[in-house]
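Data block below; observations after.
Protein chains: 2
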Amino acid sequence: MTPRTTATRLREKVTYDEAVAHAILDEALVCHVGFVVDGSPRVLPTIHARAGSTLYLHGSTGTPLLRLVDPVDGGIEICVTVTLLDGLVLARSQFESSMNYRSVVVHGRGHLVTDHAEREVALHRIVEHVSPGRSATSRAGNARELAATAVLRLDLVEFSVKVSTGEPEDAPSDVTGPHWAGVVPVALRFGAPIPAGDLATGIELPDHLLDYARPGA
Amino acid sequence: MTPRTTATRLREKVTYDEAVAHAILDEALVCHVGFVVDGSPRVLPTIHARAGSTLYLHGSTGTPLLRLVDPVDGGIEICVTVTLLDGLVLARSQFESSMNYRSVVVHGRGHLVTDHAEREVALHRIVEHVSPGRSATSRAGNARELAATAVLRLDLVEFSVKVSTGEPEDAPSDVTGPHWAGVVPVALRFGAPIPAGDLATGIELPDHLLDYARPGA
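Chains as they are written, first to last, in my numbering: chain A, 5 to 221; chain B, 5 to 221.
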């Protein structure tokens, strides 16, 4: 826990539990990565993946975040946030209305990964993060593709987790009032895989895509 | 279009169309807001709402973002990003694999809203953003609640939109290869509303919650 990961509000349940953070990071398909450009904040969506206590991001070598990496130490200050939305909390009072969600905010200095073996691990994890089993049923990057891909590593050391669950918490004077209260559950829905229009006849859907779901969901 | 909203990559379709940006902002339930704290980036999830060409955020007056507002002009540099995930694009090659999504990145200086009438409009829009019709079936904030709530306005002037749609785009040498390719559709699923455990008997679910859906979805 550091000053920037210390909760200033108590409404959500804040935790620093590593297992909880890892589970949320693994379930979330995308993250939002924040960085500073000429003193101003920038936030972009991207895919992440975790390997142990390390978070990996990847992107084109030409993408803004990766062009800003310090040439001396190969690093850049980033903040990676993932949010899983679980429900709309509709209280009788608008003030108590909120959302149920699970989020992780990770702070730290991302570093370009230059080691070939670690780059391979990271890209493998990213493929598997989106679709477990897919690395065995797709073509891995060739030398040209790998050269065009940058990988950033962020150690999962400085992070906070917020988990907001449960029912509306209206004051007694509102509970006896005229308004409905409750929760609308929210989750991601994955449709049946749609084959590419140019898919050759005889190529079957791989087993790992038969019933796509996120881990933990 | 400004340097920081000018696309550096062509894979996704970048647009600066205001109607497209507004539709994505309206459909997205939450945004991720980035700001700078002591030179480092911070990214937090929050609820937003749009009124014309203005984006509103709100929060406790004690929340980190709002405590950082400049006391002189009531402003703070922020970046607000929303992302709607539409599909997993599983190409034969891992390099061409990606996601279908729609995102908006808004840059600018947020300003605390002090005008009472504008604060009411903003909070009304935020309630209606999450659940259209809800403002009429819930209790609006009282003086104490409103005093504890800060509202930030961000003009929707400097923004960019990325829309990535369609099928995997594998090279011909991969199309004739052994791997399956296609898209797994992704969308939010809203469950049937769950009444609060302490809901008084006789209070019916409001009509506007009978078939919850996001606008445009």
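No residue lacks a Cβ here, since even glycine has one placed at the ideal position from N, Cα and C.
- Excluding the 5 residues flanking it on each side, Val161(A) has same chain C-beta neighbours closer than 8 angstroms at Ser57 and Gly112, in chain order.
- Fully enclosed beta strand (DSSP E) runs of no fewer than 3 residues occupy 153-159, 162-168 and 186-194 of the stretch 147-207 of chain A, in order along the chain.
- In this structure the stretch 32-45 of chain B touches the stretch 40-50 of chain A; the number of beta carbon pairs closer than 8 angstroms is three or more.
- Short of 8 angstroms from the beta carbon of Pro136(A), and not among the five residues preceding or following it, lie these beta carbons of its own chain, in chain order: His212 and Pro219.
- Residue pairing for Thr58(B): DSSP places it in a beta bridge opposite Ala55(B) and Asp159(B).
- Among the CB atoms of chain A, one or more fall inside 7 angstroms of the CB of Val188(B).
- Judged by beta-carbon spacing, Ile28(A) lies beyond the 7 angstroms limit of Arg123(A), meaning their Cβ atoms are not closer than that value.
- Sequence-ordered contacts of the stretch 109-133 of chain A with chain B read Val109, His111, Leu127 and Val131 [C-beta pairs closer than 8 angstroms].
- Look at Asp211(B) here: in three-state DSSP terms it is helix.
- DSSP places Arg113(A) in the strand class (E or B) of the three-state scheme.
- Under a criterion of Cβ atoms nearer than 9 angstroms, the residues of chain A adjacent to Ile198(B) are, in order, Gly91, Glu171, Gly186, Val187, Val188 and Pro189.
- DSSP lists no beta-bridge partner residue for Thr141(B).
- Fewer than three beta-carbon pairs drawn from the stretch 165-174 of chain A and the stretch 164-171 of chain B are found closer than 8 angstroms, and the two stretches are therefore not classed as touching.
- Rounded to the nearest angstrom, the Cβ distance from Leu92(B) to Val188(B) is 4 angstroms, consistent with a contact under 8 angstroms.
- DSSP assignment within the stretch 36-98 of chain B yields the following whole alpha helix (DSSP H) runs of 4 residues or more, N-terminal first: 68-71.
- In the DSSP assignment, the residues bridged to Tyr105(A) are Leu89(A) and Ser168(A).
- Note that the C-beta distance between Ala200(A) and Ala185(B) is below 7 angstroms.
- Residue environment for His120(B): exposed (fewer than 16 other C-beta atoms within 10 angstroms of its C-beta).
- With respect to the 7 angstroms criterion, His52(B) and Gly78(B) are not classified as neighbours on the basis of their beta carbons.
- Using a Cβ-Cβ cut-off of 9 angstroms, Ser101(A) is close to Val131, Val134, Ser135, Arg138 and Ser142 of chain B, given in chain order.
- For Arg129(B), the CB contacts under 8 angstroms within the same chain, skipping 5 residues up- and downstream, are Ala53, Arg54, Ala55 and Tyr60 in chain order.
- DSSP places Leu127(A) inside the alpha helix (DSSP H), whose first and last residues are His120 to Val134.
- The distance from the Cβ of Ser97(A) to that of Asp178(A) is about 5 angstroms, consistent with a contact at the 8 angstroms cut-off.
- For Ser164(B), none of the residues of chain A pass the 7 angstroms Cβ criterion, the least Cβ distance being about 10 angstroms.
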